[in-house]
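K.L.:
This is the structure, below, for whatever I ask next.
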Amino acid sequence: MALAKAAEVDRWFAEVDHPQKAVMRAVREAILDADDRVTETIKWKTPTFMYRGNIASLNPQAKRFVSLMFHRGAEIPGDHPALSGGGETARYMQFDDGEAVERLRPELEAIIRAWCDWRDAE
430 MALAKAAEVD
440 RWFAEVDHPQ
450 KAVMRAVREA
460 ILDADDRVTE
470 TIKWKTPTFM
480 YRGNIASLNP
490 QAKRFVSLMF
500 HRGAEIPGDH
510 PALSGGGETA
520 RYMQFDDGEA
530 VERLRPELEA
540 IIRAWCDWRD
550 AE
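All residue numbers for the sequence shown refer to the numbering used here, where the first residue is 430 and numbers rise by one.
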């Protein structure tokens, strides 16, 4: 799949001082690799991934791990055991390190593709 990197997100990564920057970059790569329909921008002062709506945003407030919030995660079709949270809409994925990104990457990519397919079907 093509990587649709946005210059503003590249700038954000260049400027951010975060202990999990490398892990955040790996999550970004996995999301953009998952489906070429996905785009990215900076919203709420953080990288946000989109396709026909906001899919997910990195949460830079977390420092010991990378937290990825799926804005409407409860609605994404399919079974996604790595998504956590019991609220009505948002779900989260947590990556403790680069190894976790690699281990969870197939599920992360499946979640991204499920979102894109669901949004196309509406």
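Note that the Cβ used here is the ideal one computed from N, Cα and C, for glycine as well.
Classify R534 as helix, strand or coil using the three-state DSSP reduction.
P.N.:
Helix at R534.
K.L.:
Is L497 helix, strand or coil by DSSP?
P.N.:
Correct three-state label for L497: strand.
K.L.:
Count the other C-beta atoms from every protein chain shown that fall within 10 angstroms of the C-beta of A455, then say buried if there are 16 or more, exposed otherwise.
P.N.:
Answer is buried; the Cβ neighbour count reaches 16.
K.L.:
Could you check what DSSP says for E469 in three-state terms: helix, strand or coil?
P.N.:
Strand, per DSSP.
K.L.:
Counting Cβ pairs, one atom from each stretch, are 3 or more of them under 8 Å apart for the region 510-519 and the region 471-486?
P.N.:
No contact exists between the region 510-519 and the region 471-486.
K.L.:
Would you list, in sequence order, the uninterrupted alpha helix (DSSP H) runs of no fewer than 4 residues that lie entirely inside the region 507-551?
P.N.:
527-550, all fully within the region 507-551.
K.L.:
Whose CA, out of V452, T518, D508, lies closest to the CA of A543?
P.N.:
Minimum Cα distance to A543 is reached at D508.
K.L.:
Any chance you could list the beta strand (DSSP E) runs of at least 3 consecutive residues sitting entirely within the region 441-486, in chain order?
P.N.:
The region 441-486 contains these whole beta strand (DSSP E) runs: 468-472, 475-479.
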